[in-house]
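Below is one structure; the comments refer to it alone.
There are 4 protein chains.
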Amino acid sequence: MGVIRLGRVELRVMDLERSVDYYTRIIGLEETGRSEGRVYLKAWDEYDHHSIILQQADSAGMDHFGFKVERLEDLDELEKKAEYFGVFTNRISYGTRLGEGQAVRLELPTGHFVELYHEIEHLGTPMGTLNPHPFPEPETLRGIAPHRLDHVLLTGDDVETVTRFFIEALDFRQSEKIMTVDGEMMIGSFLFKTNTAHDVAFIKGPDAKLHHAAFFVDNWYDVLKAADILTRNEVPIEVTPTRHGISRGETVYFFDPSGNRNEAFANGYMTYADFPTITWTEDKIGQGIFYHRRALIESFQKALT
Amino acid sequence: MGVIRLGRVELRVMDLERSVDYYTRIIGLEETGRSEGRVYLKAWDEYDHHSIILQQADSAGMDHFGFKVERLEDLDELEKKAEYFGVFTNRISYGTRLGEGQAVRLELPTGHFVELYHEIEHLGTPMGTLNPHPFPEPETLRGIAPHRLDHVLLTGDDVETVTRFFIEALDFRQSEKIMTVDGEMMIGSFLFKTNTAHDVAFIKGPDAKLHHAAFFVDNWYDVLKAADILTRNEVPIEVTPTRHGISRGETVYFFDPSGNRNEAFANGYMTYADFPTITWTEDKIGQGIFYHRRALIESFQKALT
Amino acid sequence: MGVIRLGRVELRVMDLERSVDYYTRIIGLEETGRSEGRVYLKAWDEYDHHSIILQQADSAGMDHFGFKVERLEDLDELEKKAEYFGVFTNRISYGTRLGEGQAVRLELPTGHFVELYHEIEHLGTPMGTLNPHPFPEPETLRGIAPHRLDHVLLTGDDVETVTRFFIEALDFRQSEKIMTVDGEMMIGSFLFKTNTAHDVAFIKGPDAKLHHAAFFVDNWYDVLKAADILTRNEVPIEVTPTRHGISRGETVYFFDPSGNRNEAFANGYMTYADFPTITWTEDKIGQGIFYHRRALIESFQKALT
Amino acid sequence: MGVIRLGRVELRVMDLERSVDYYTRIIGLEETGRSEGRVYLKAWDEYDHHSIILQQADSAGMDHFGFKVERLEDLDELEKKAEYFGVFTNRISYGTRLGEGQAVRLELPTGHFVELYHEIEHLGTPMGTLNPHPFPEPETLRGIAPHRLDHVLLTGDDVETVTRFFIEALDFRQSEKIMTVDGEMMIGSFLFKTNTAHDVAFIKGPDAKLHHAAFFVDNWYDVLKAADILTRNEVPIEVTPTRHGISRGETVYFFDPSGNRNEAFANGYMTYADFPTITWTEDKIGQGIFYHRRALIESFQKALT
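As they're listed, the protein sequences go chains A, B, C and D.
To convert, count from 1 in the first sequence and add 1; that's our numbering.
To convert, count from 1 in the second sequence and add 1; that's our numbering.
To convert, count from 1 in the third sequence and add 1; that's our numbering.
To convert, count from 1 in the fourth sequence and add 1; that's our numbering.
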């Protein structure tokens, strides 16, 4: 019941065609539709009509992100829980997003917009569901070819309240948190609803900003392949392949043509309902984020869209 | 709510000390306790007191397997649902299993015993939960060193009814099924409650038998390392490293000293509540199970405990 | 001075176009020329005009294999050493092979033909030699996409004499040998001139037969990718991914459309001039060849072309 | 004939016991002997008595490096060629290095000392040479556990002359070179005698300095494992896991307790006698050295010992 996954992210991009080229040829998503200044994309291992929507805009950033919910009636229930928490909600009409039904839109305490939706066209994968091969024809894959959208990391001023909202209204749990050294303030929060290390995360910073959207790749060699492809295509890499302390995942960070940060992310531990929240103290955050470098880098804190 | 994971498997072994040596030194589990002819073991990445119980017995096999549930009241609710389905249940007293509270025991339509439990001592991992390293000290790891127990595959006569039981009483979903070519009979069923490819699976065969218990390793290199360690220790390998069509996972199969089949399993796709069940027809089962060999092997069907 | 590498193998194939399709689309070689019923192919990481020649023939097998030598005058010197050893030689005229100069052809004590050549057209790689990327454009790679031809394994009756020929006439060394348990007879011999585990090897069997030709892939994930591609293309896999005891390499074996055995081979230890010959006794040959299975398989001994 | 490999490097370290701890526990070499303020070490996959000598000293750096030659008479021949080139040589007496015979010592045009030696005690590997396992008992491996010493990179003023010396006197070849943009001056030179991408390399800088000594690890996962181990042991990592453009290898750079730079290096292409020298122009050197970052880092140019 409730949220089943981070289903989609709508990104604002400043040159739509150049961005479509980037997200299809270099990231390797498939274009599945266009409508009203928006291009819809999905990864090869995703079944639904889209997981990324590119929106032509004057500035980069994230318009909103969306969670797919299990049942249609979850929309009503979660809407009520959100309102009870004190969050403003409204309804997005059937068909506003290509291939989708109605959605509940709400504004997080950090100023980000979230949509909850249930109905979305099911396109399936190239492998089909009858005696399928495990992968598509290699020739049909392009670029990094991630399996799926994995998570978003956002910035906001009140990390504690947004964490409480996810736990109380959307039934998420917290896998990791970053605390100031005096233990007084939560400055990072990693939240999960699936069994992954996080589906959405927040770090203290300006409200309503996107830090990065992450795509899932299978393993450490695929992180290397991603980095190799990025260099060949002259895509700016911000953080070369490394491991996260937080989540234990393997990673490379880079930027789309509008400056939205992307991540190719592999592995990461599994979480369950009884996962004990891991605590990082701010003085160790360098090692928590970049396990090998053991220090933050300036752009990683400052480049937000 | 409800089942959060396959929490433990109690295996019958014929030479307890030799089995403890195998499961600690070659598999690489940690012994966490002993009581009444049983030895309790956990993997390094598991938090609870145990995930494997070895029971001294006259014949190999699986005594029962257990699901950890999220809340204490889930025991009552799932007990009622199981009884409503027509399954016999009874209660296992507090403390019958070392470090555990009360459990609900039920007998599946395939003759296997399942226990549902909530209370279990939390031992934690060697990394701790404060600014943790992603892994334990390398020197403390032994053998294959899987992250955790992953799934069990069992045999039984009535695959359809046991599938229905998991879906209706325990809120599982079916990721894949194997059907006779005429489409009349379900002869394989893969069921998930987490986001993995399966938490428990059944194939048609004699009731109450164990096909294998699987441990999760991180990647294809760790499958190779597992196979290398097995050869060095002269452990019989039944199926050398390969890929599954079903689940897409990477695998190696081998036997414990009593003849219970083990698997080291990596990757496999993610499932969600809206995952469409994949169908295999019996004529393609060879490719489904051993993607590279594309044929079954006799022992794989016959060696059951 | 002398032999610098296994430069090429000419394979007899029974359906030339089907074989070209296999070697270009599934193995992923590039066609570089055609002449007189022959098709010339190279791997992307090779500089010379060809490393595989496919010859339309009535039966499968190996026409000959060739070593590239460092200097033109090595042809004369090695020809003399071969004749001194007692081996029959003759000259292949300039231009008999597309893009090549003259060659010295000789018949091994096992009945196989070897050609020594120096002059061959240099085609280069797609990366070029000025500020090159490490790899070609991913879109230009097809199939398994090995880096290069690696080695051949041949059968013959007199393994000892052919070993002596390689050591005495061609300045090879022996990395490993398989001896009967009584130590009386050499039944396997692995020979190197480069720093690899072997460039050519012989096992006891019928004279003048090919056991397999091996292509080099980078790592264990590429062995998996090779096996996945083979299954998708319904190419018969004889031995699914595993490790060799001999050479320590990672491997998968399969057959071309004519029944010539191919191998995708990764890693393997490095050898040097002072490498001590490793000895295997016949009773351990199963583990030596298939480290995980620890037993031979019948086809591996019998399927020769 | 001639040089068969980079056989050993003698490093100056400022705290011998701390360095021995680092090279044995974190790098994972084995201590094989001690004599006169020196500790001798070998990697598990090396046969000779030592490949690293640690020398207690007042400053960090490289005392000398050594090439093992194939035959005793190579010492005389290479000594003559070196003197003919104009390089000063002298003899190191039998037994000066533990377990070794006589050596020829010469001073390179860059001020570095090289020793040529043939006789060295053969200790063998833990696997032995009779029906060996491919690897030692896992429990006996510690830390990064590289297979062997791979190469050294040195700085010097006259890169062209030292390159000419290696080619003319020691029969090396050049795999890659870095040229100023005007093509006038060689500022980097990568030289090989084996089939690896380089056995020794020079970049323009102060004479007689060590840039780094590299150890060979098997693959990209082992580079990750190396980086994980370095962080756990709080060893300073200078360059986190990435790919080289030059050599195509996978790498991580870090420092020993005295500040000598080490590298864990995997893969890299194969070279042969006919390998065409790859040219880099200085403006592309960032991409050549750090393929993903595409820029140098200051410490990489300045931290020399």
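By construction, the Cβ of each residue, glycine as well, lies at the ideal position given by its N, Cα and C atoms.
Computed from a predicted structure; not experimentally measured.
Local conformation of residue i per DSSP, three classes
| i | result |
| --- | --- |
| E122 (chain A) | coil |
| S176 (chain C) | strand |
| A104 (chain D) | strand |
| R165 (chain A) | helix |
| L305 (chain D) | coil |
| I93 (chain C) | strand |
| E264 (chain C) | strand |
| G144 (chain A) | coil |
| G62 (chain A) | strand |
| S190 (chain A) | strand |
| Y41 (chain A) | strand |
| F68 (chain A) | strand |
| F86 (chain A) | helix |
| E116 (chain D) | strand |
| G157 (chain D) | strand |
| I53 (chain C) | strand |
| D75 (chain D) | helix |
| E80 (chain B) | helix |
| L171 (chain C) | helix |
| I290 (chain B) | helix |
Cβ separation of residue i and residue j, assumed to be a contact under 8 Å, to the nearest whole Å
| i | j | result |
| --- | --- | --- |
| S52 (chain A) | R9 (chain A) | 5 Å |
| G157 (chain B) | G206 (chain B) | 7 Å |
| V390 (chain D) | E32 (chain D) | Any answer about residue 390 (chain D) is impossible in this case: the structure gives chain D only from 2 up to 306. |
| A202 (chain C) | G269 (chain C) | Actually they are not in contact, since the Cβ atoms of A202 (chain C) and G269 (chain C) sit about 12 Å apart, beyond 8 Å. |
| L154 (chain A) | L117 (chain A) | Between L117 (chain A) and L154 (chain A) the Cβ distance is about 20 Å, and since that is not below 8 Å, they are no contact. |
| T306 (chain C) | A61 (chain C) | 4 Å |
| I230 (chain B) | P139 (chain D) | 7 Å |
Under 9 Å from the C-beta of residue i: neighbouring residues of chain B
| i | result |
| --- | --- |
| A228 (chain C) | T243, R244, Y292 and H293 |
Within chain C, the residues that residue i reaches when beta carbons sit closer than 7 Å
| i | result |
| --- | --- |
| F136 (chain A) | D229 |
| K285 (chain D) | N132 |
Neighbouring residues, chain A, relative to residue i (Cβ below 8 Å)
| i | result |
| --- | --- |
| Y222 (chain D) | W221 and Y222 |
| D46 (chain B) | Y270 |
| E74 (chain B) | Here the premise fails: no neighbours, minimum Cβ distance about 14 Å. |
Residue i: CB within 6 Å of a non-hydrogen atom of the ligand ATP
| i | result |
| --- | --- |
| R249 (chain A) | Within the structure as shown, the ligand ATP is missing, as the structure has no ligands at all. |
Chain-ordered neighbours of residue i on chain C, where CB pairs are closer than 9 Å
| i | result |
| --- | --- |
| I238 (chain B) | H293, R294 and R295 |
Contacts of residue i in chain A (Cβ-Cβ under 9 Å)
| i | result |
| --- | --- |
| E101 (chain B) | Ordered by position in chain A, no residue passes the 9 Å Cβ test against E101 (chain B), which lies about 14 Å from the chain. |
| L155 (chain D) | In chain order: nothing, as chain A lies at least about 25 Å away. |
| P277 (chain B) | Y48, H123, G125 and T130 |
Residues that residue i bridges to, as DSSP identifies them
| i | result |
| --- | --- |
| E251 (chain A) | A:R244 and A:A267 |
| H199 (chain C) | In the DSSP output, where bridge partners are listed per residue, H199 (chain C) has none listed. |
| R149 (chain D) | D:F217 |
| L131 (chain B) | A:T280 |
| F256 (chain D) | D:R262 |
Closer than 7 Å at the beta carbon, the chain B residues around residue i
| i | result |
| --- | --- |
| P139 (chain D) | I230 |
Contacts of residue i in chain C (Cβ-Cβ under 8 Å)
| i | result |
| --- | --- |
| G289 (chain D) | N132 |
Residue i at chain E interface by Cβ criterion, 7 Å
| i | result |
| --- | --- |
| R233 (chain A) | Of the chains in the structure shown, none is chain E; the protein chains are A, B, C and D. |
Beta-carbon neighbours of residue i, restricted to chain D and to distances below 9 Å
| i | result |
| --- | --- |
| D59 (chain C) | The contacting residues do not exist; D59 (chain C) stays about 35 Å from chain D at best. |
Partners in chain D for residue i, counting only beta-carbon separations shorter than 7 Å
| i | result |
| --- | --- |
| L171 (chain A) | What L171 (chain A) touches in chain D: nothing, since even the nearest Cβ is about 34 Å away. |
Whole alpha helix (DSSP H) elements within the region 203-241 of chain C, 4-residue minimum: Runs found: 221-233.
Can you give, in chain order, each stretch of the alpha helix (DSSP H) that sits fully within the region 5-37 of chain B and has at least 4 residues? 17-22
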